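Right, one structure below, let's go through it.
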Amino acid sequence: MHDLKRIREAPEAFDAMLARRGLAPASARVIELDRLRRAAQTAFQELQARRNALSKRIGAARSAGEDVSHLLADSAALADAIAREEAEEKRLGLELDTLLATLPNWLDDAVPTGASAEENVVLRAWGEPSRFDWTPRQHFEIGERLGLMDFETAAKLSGARFVVLKGALARLERAIAQFMLDLQVREHGYTEVSPPLLVREEVLFGTGQLPKFREDQFVTTDGRWLIPTAEVPLTNLVRERILAESELPLRVTALTPCFRAEAGSAGRDVRGMLRQHQFLKVELVSITTPEQSEAEHERMTRSAETVLQRLGLPYRVVDLCSGDIGFSAARTFDLEVWLPGQGAWREISSCSNCRDFQARRMDARYRPTDSKGTRFVHTLNGSGLAVGRTLIAVMETYQRADGGIDIPEVLRPYMGGLEAIRPG
RNA sequence: GGAGGGGUGGCAGAGCGGUCGAAUGCGCCGGUCUUGAAAACCGGAGGGCCUCCGGGCCCCGUGGGUUCGAAUCCCACCCCCUCCGCCA
Numbered sequence: 016m017h018d019l020k021r022i023r024e025a026p027e028a029f030d031a032m033l034a035r036r037g038l039a040p041a042s043a044r045v046i047e048l049d050r051l052r053r054a055a056q057t058a059f060q061e062l063q064a065r066r067n068a069l070s071k072r073i074g075a076a077r078s079a080g081e082d083v084s085h086l087l088a089d090s091a092a093l094a095d096a097i098a099r100e101e102a103e104e105k106r107l108g109l110e111l112d113t114l115l116a117t118l119p120n121w122l123d124d125a126v127p128t129g130a131s132a133e134e135n136v137v138l139r140a141w142g143e144p145s146r147f148d149w150t151p152r153q154h155f156e157i158g159e160r161l162g163l164m165d166f167e168t169a170a171k172l173s174g175a176r177f178v179v180l181k182g183a184l185a186r187l188e189r190a191i192a193q194f195m196l197d198l199q200v201r202e203h204g205y206t207e208v209s210p211p212l213l214v215r216e217e218v219l220f221g222t223g224q225l226p227k228f229r230e231d232q233f234v235t236t237d238g239r240w241l242i243p244t245a246e247v248p249l250t251n252l253v254r255e256r257i258l259a260e261s262e263l264p265l266r267v268t269a270l271t272p273c274f275r276a277e278a279g280s281a282g283r284d285v286r287g288m289l290r291q292h293q294f295l296k297v298e299l300v301s302i303t304t305p306e307q308s309e310a311e312h313e314r315m316t317r318s319a320e321t322v323l324q325r326l327g328l329p330y331r332v333v334d335l336c337s338g339d340i341g342f343s344a345a346r347t348f349d350l351e352v353w354l355p356g357q358g359a360w361r362e363i364s365s366c367s368n369c370r371d372f373q374a375r376r377m378d379a380r381y382r383p384t385d386s387k388g389t390r391f392v393h394t395l396n397g398s399g400l401a402v403g404r405t406l407i408a409v410m411e412t413y414q415r416a417d418g419g420i421d422i423p424e425v426l427r428p429y430m431g432g433l434e435a436i437r438p439g
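Shown next, in the form of structure tokens:
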């Protein structure tokens with residue numbers, strides 16, 4: 016949700032920001048609605064003040080045994096106008112809130128301007144894409160040839176965009192997830208959380224998935240929503256709370272399934288398990304003060320990068336441009352891993368600083384130690400990492416000529432010491 | 001699913017038609033005392049909007065209603081808790 020004062024004070028900056036996101040200007044409508052609403056509020060309040068004064072006199076006159084009929088008549092005469100102004104204020108307020116709820120977060124000035132993903136800026140890269148003596152296969156070829164990755168059966172059970180993993184591959188997925196979670200907890204100070212996977216509508220509103228991205232979500236018959244990412248329950252852990260500054264930064268992580276309708280991506284990445292309705296992800300969420308959030312963003316990104324480094328998976332860090340960055344984010348760094356089979360860099364993590372945008376929607380505040388009152392916290396989220404995609408990257412990167420897969424060193428303890436998945 | 005109870009300030013919790021934005025306790029902030037702290041004592045403190053800067057209005061889960069007047073009465077909805085039933 017937006018700070019109206021900020022839009023009122025810098026309408027042209029707001030519209031310029033929206034333009035950078037490829038959106039139409041909105042400040043004029045916001046300011047107009049806000050002006051009308053406040054005018055209605057003032058009118059309502061003035062009438063209300065008169066009625067309150069009258070009511071007080073009626074009470075006093077009654078207890079003094081005086082005749083109050085003329086006062087009652089005066090009060091009655093105000094009733095219509097009061098009702099009208101009150102209704103008007105409500106209507107305008109609702110319209111304003113509805114509009115505001117669909118406007119994305121202010122971008123950080125540092126966000127590069129660009130229309131689409133093509134204009135994202137590569138900040139740094141790590142590792143050398145491995146070379147193969149043969150044409151590297153894509154993960155689904157490797158998995159299907161091993162007989163450990165079954166899309167046909169998954170389709171029978173659940174339809175497109177699902178997969179059944181078996182044997183060593185199922186275990187490899189679990190190993191990757193465990194490894195990541197352990198790393199973030201032990202080395203980066205995140206507290207492990209096991210959150211609900213079904214949440215209330217207002218929780219999705221809090222992190223910004225609703226009302227705008229309704230069609231990307233799954234809803235249950237009783238009106239709950241399947242989480243599209245653990246960012247949702249983890250960030251909302253602080254909703255409607257006032258934290259002590261000493262509790263910050265608050266760092267939490269969770270390994271959860273994520274559920275996405277993928278409504279807008281028909282035909283994209285249909286082969287394999289790159290884009291599924293259900294996938295595992297280790298999520299990182301930090302709650303900080305405004306002063307800390309930028310440094311925390313960097314720290315979080317590095318925490319995600321560590322996973323790829325330990326797995327020996329080459330990646331690059333990308334600064335998302337204004338046309339590609341998400342609704343709730345002020346700034347986002349994506350981690351893109353190299354997939355030899357596909358011969359492409361693919362997103363495997365997305366680390367965003369949402370500043371106070373989600374905090375306002377959730378009403379999440381903290382009490383500063385050195386000043387009065389409360390301030391909104393800053394919220395950040397990042398994948399640390401997407402497990403399904405990491406599995407893909409491991410399979411494609413460590414594939415062997417014989418169709419098997421070498422197990423990266425750091426995963427072997429989680430695989431019962433297994434060094435490679437061999438065909439046959 | 002059935003039966004009850006309840007949603008009030010940072011927290012706990014009173015208030016149940018006007019003098020209530022709201023007692024009290026805890027917590028918090030400032031002061032006195034103290035070498036310092038604790039204790040004790042004194043004082044202070046919610047948010048939003050408007051303002052002719054005097055002040056005014058709104059906010060007691062949400063929305064409607066009754067009334068001259070609602071935290072207080074009525075209705076609907078949402079949420080939480082307890083007990084029973086069912087169940088991993």
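The opening position of the first sequence corresponds to residue 16 in the numbering used here, with each subsequent residue numbered one higher.
Glycine included, C-beta positions come from ideal geometry on N, C-alpha and C.
No experiment lies behind these values; they were computed from the predicted model shown.
Backbone CA spacing between residue i and residue j [nearest angstrom]
i	j	result
V137	L225	30 Å
W360	A408	10 Å
Y330	I191	17 Å
D417	R437	8 Å
R376	F220	7 Å
Q291	R404	10 Å
V425	T236	42 Å
F233	L213	10 Å
C273	F294	5 Å
L109	L48	10 Å
V352	T222	26 Å
A278	R229	10 Å
E27	V126	18 Å
R283	I242	22 Å
L299	L270	9 Å
A39	Q153	41 Å
P151	T412	9 Å
D30	I22	9 Å
Neighbour-count burial assignment, residue i, 16 or more Cβ in a 10 Å radius
i	result
D112	exposed
S318	buried
W141	exposed
G37	exposed
W149	exposed
L172	exposed
P423	buried
E207	exposed
K296	buried
D95	exposed
H17	buried
D385	exposed
E143	exposed
Neighbourhood of residue i by C-beta, 8 Å cutoff - its chain only, sequence neighbours within 5 removed
i	result
A185	L163
F442	Only positions 16 to 439 of the chain appear in this structure, which leaves residue 442 out of reach.
Residues of its chain near residue i, where Cβ-Cβ distance is below 7 Å and the 5 sequence neighbours each way are ignored
i	result
M32	W121, L122
S308	N368, R370, H393, L395
E311	P264, S301, T303, L395
P211	P248
V267	Y205, T206, V208, L249, L252, V300
G158	M164, L184, M410
L19	D49
DSSP bridge partner residues for residue i (one or two, in chain order)
i	result
Q293	F274
H393	T303
S364	L350
S209	According to DSSP, which records beta bridges pairwise, S209 is partnered with nothing at all.
E167	BP columns for E167 are empty, so no partner.
R440	Residue 440 falls outside the range modelled here, since the chain spans only 16 to 439, and no answer is possible.
As assigned by DSSP and simplified to three states, the class of residue i
i	result
N67	helix
T347	strand
T304	coil
Q414	strand
G129	coil
L196	helix
D334	strand
D231	helix
V253	helix
V285	coil
R146	coil
I422	coil
T236	coil
T384	coil
T222	helix
Own chain residues within Cβ distance below 6 Å of residue i, not counting five before or after
i	result
A88	none
R325	V425
D165	V179
W240	V214, L219, Q232, V234
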